[in-house]
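**Q** All residue numbers for the sequence shown refer to the numbering used here, where the first residue is -12 and numbers rise by one. Beta carbons are placed, not taken as given, at the ideal position from N, Cα and C, and that holds for glycine. Model, not experiment: these values are computed from the prediction. Right, I'll just put the structure down here and ask away after.
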Amino acid sequence: MRYIIQIDTATEVCSVSLSREGITLDHIQSSEPNMHASRLTSYVEQILFQNSLKFSDISAVAVSMGPGSYTGLRIGVSTAKGLCYALDIPLIGINTLESMFNGLVNKVILQEGSLYFPMIDARRMEVYTMAFDEDGKQVLPTQAKIIDELSFAEFHLKEAFLFGSGANKFQDLFRANPQVHIISQFQHSSAHMSALAWKRFEAHEVENLIYFEPYYLKEFVASKPKR
């Protein structure tokens, strides 16, 4: 049996899951603010204990590599790399937006002729996003995009479905637009990586532990603390 630990700290959700050959067995997650660093390693230990496994039973670690929160990504990737170094097992990097789309596919029936935009909040009216058609083909690459009322006009013959932490803030903006739909019930989770992680593990598509870094997409800009 091949077990993979999956870590996702790219958003406000701190999530750890366990999969076996592409099937999710268990997951633990929380959306409490600012708790990624304090909870992540304990979640890994807890999920192994819950499933009567030891660290030596793990064949690989998959991590959501970004885009997403700068601090969250650093915590997740650092923890994943530390586990892989200590256990001498491979690291699998998964694009966060690709993982989100995979999670949506397992929850809803995709509509023919539509486009699907996983979105991660990048503050104000900006999001990290990419686009897929109903067959899972990538239509737009990963990008940082400022959204306004005309953002999807170029796809005038297709309906656009937005989902994820970055999509919910556009409910009012597109309320009167019949082309754009918000899937508000989507929940972010490391469990969405299971099939992707297993496919890459089988294909030996693993990361170089020395050089692997999170996919930040944008440079980190520190803000001044409020008085």
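Out of Tyr57, Ala49, Ser101, Arg110, point me to the one whose CA is closest to Gly80's CA.
**A** Counted from its first residue, the sequence shown places residue 80 at position 93. Ranking Tyr57, Ala49, Ser101, Arg110 by Cα distance to Gly80 puts Ala49 first.
**Q** Rounded to a whole number of angstroms, what is the C-alpha to C-alpha distance between Tyr72 and Leu78?
**A** Within the sequence shown, the letter at position 85 stands for residue 72. Within the sequence shown, the letter at position 91 stands for residue 78. Leu78 has its alpha-carbon roughly 9 angstroms from the corresponding atom of Tyr72.
**Q** Going by DSSP, which residues form a beta bridge with His168?
**A** Here residue 168 refers to the residue found at position 181 of the sequence shown. His168 pairs with Phe148.
**Q** Pull up the distance between the alpha-carbon of Phe88 and that of Lys41, whole angstroms please.
**A** As a position in the sequence shown, residue 88 is number 101, starting the count at 1. As a position in the sequence shown, residue 41 is number 54, starting the count at 1. Going by the C-alpha atoms only, they are around 31 angstroms apart.
**Q** Measuring only the C-alpha atoms, how far is Ile15 from Ser43?
**A** Stepping through the sequence shown from its first residue, residue 15 is reached at position 28. Stepping through the sequence shown from its first residue, residue 43 is reached at position 56. Whole-angstrom Cα-Cα distance: 20 angstroms.
**Q** Taking the alpha-carbon positions, what's the Phe207 to Thr28 distance?
**A** Position 220 of the sequence shown, counting from 1, holds the residue named residue 207. Position 41 of the sequence shown, counting from 1, holds the residue named residue 28. Its pLDDT being 48, under 50, Phe207 is placed unreliably by the model, and nothing is read from it.
**Q** When DSSP labels each residue in this structure, what does Lys205 get in the three-state scheme?
**A** In the sequence shown, residue 205 corresponds to position 218, counting from 1. Of the three classes helix, strand and coil, the one that applies to Lys205 here is coil, per DSSP.
**Q** Which of the three DSSP states is assigned to His179 in this structure?
**A** As a position in the sequence shown, residue 179 is number 192, starting the count at 1. Here His179 sits in helix by DSSP.
**Q** Based on the DSSP secondary-structure assignment, which residues constitute the bridge partners of Lys132?
**A** Indexing the sequence shown from 1 puts residue 132 at position 145. In the DSSP output, where bridge partners are listed per residue, Lys132 has Val114.
**Q** Looking at the secondary structure, which residues open and close the beta strand (DSSP E) in which Gln33 lies?
**A** Here the question's residue 33 lines up with position 46 in the sequence shown. Segment 23 to 37 is the alpha helix (DSSP H) holding Gln33; no beta strand (DSSP E) there.
**Q** Is Lys132 buried or exposed, if buried means 16 or more other CB atoms sit within 10 Å of its CB?
**A** To locate residue 132, count along the sequence shown from 1; it is residue 145. Looking at its Cβ environment, which holds 16 or more other Cβ atoms inside 10 Å, Lys132 is buried.
**Q** Give the secondary structure of Tyr72 by DSSP, where H, G and I count as helix, E and B as strand, and everything else as coil.
**A** Start at 1 with the first residue of the sequence shown, and residue 72 comes out as number 85. DSSP, read as helix, strand or coil, puts Tyr72 in helix.
**Q** Are the stretch 138 to 156 and the stretch 92 to 102 in contact at 8 angstroms, needing three or more beta carbon pairs?
**A** Output reads yes: the stretch 92 to 102 touches the stretch 138 to 156.
**Q** Starting from Pro105, follow its DSSP beta bridges and name the residues at the other end.
**A** Translated into positions along the sequence shown, residue 105 becomes position 118. Paired residues: Phe150.
**Q** Please name the residue or residues paired with Thr11 in a DSSP beta bridge.
**A** As a working mapping, residue 11 is identified with position 24 in the sequence shown. For Thr11, which the question treats as bridged, DSSP gives the partners Ser6.
**Q** Find out if the Cβ-Cβ distance for the pair Pro105, Gly63 is shorter than 7 angstroms.
**A** For the purposes of this step, residue 105 is identified with residue 118 of the sequence shown, where counting begins at 1. For the purposes of this step, residue 63 is identified with residue 76 of the sequence shown, where counting begins at 1. Against a cut-off of 7 angstroms, the Cβ pair of Gly63 and Pro105 comes out as no contact.
**Q** Report yes or no: do the stretch -5 to 12 and the stretch 174 to 194 share at least 3 C-beta pairs separated by less than 8 angstroms?
**A** yes
**Q** Out of Asn155, Asp75, Arg(-11), Glu32, point me to the one whose CA is closest to Ile197's CA.
**A** Counting from one through the sequence shown, the residue named residue 197 turns up at place 210. Selected option, being the one with the closest Cα: Asp75.
**Q** Helix, strand or coil for Leu84 per DSSP?
**A** Here residue 84 is taken as the residue at index 97 of the sequence shown, counted from 1. Note: Leu84 maps to helix in three-state DSSP.
**Q** Taking the beta strand (DSSP E) that Ser51 belongs to, which residues open and close that run?
**A** Here residue 51 refers to the residue found at position 64 when the sequence shown is read from its first residue. Element bounds for Ser51: 45 to 53.
**Q** At the level of alpha carbons, what is the spacing between Leu127 and Phe142?
**A** Position 140 of the sequence shown, counted from the first residue, corresponds to residue 127. Position 155 of the sequence shown, counted from the first residue, corresponds to residue 142. Between Leu127 and Phe142, the C-alpha separation is close to 12 angstroms.
**Q** Which residues in the same chain have their Cβ closer than 6 angstroms to the Cβ of Ala154, if we skip the five residues on either side of it in sequence?
**A** In the sequence shown, residue 154 corresponds to position 167, counting from 1. Same-chain partners within the cutoff: Met106, Ile169.
**Q** Out of Arg61, Ile45, Ser46, point me to the one whose CA is closest to Met52's CA.
**A** Your numbering for residue 52 matches position 65 in the sequence shown. Relative to Met52, the option among Arg61, Ile45, Ser46 whose CA is nearest is Arg61.
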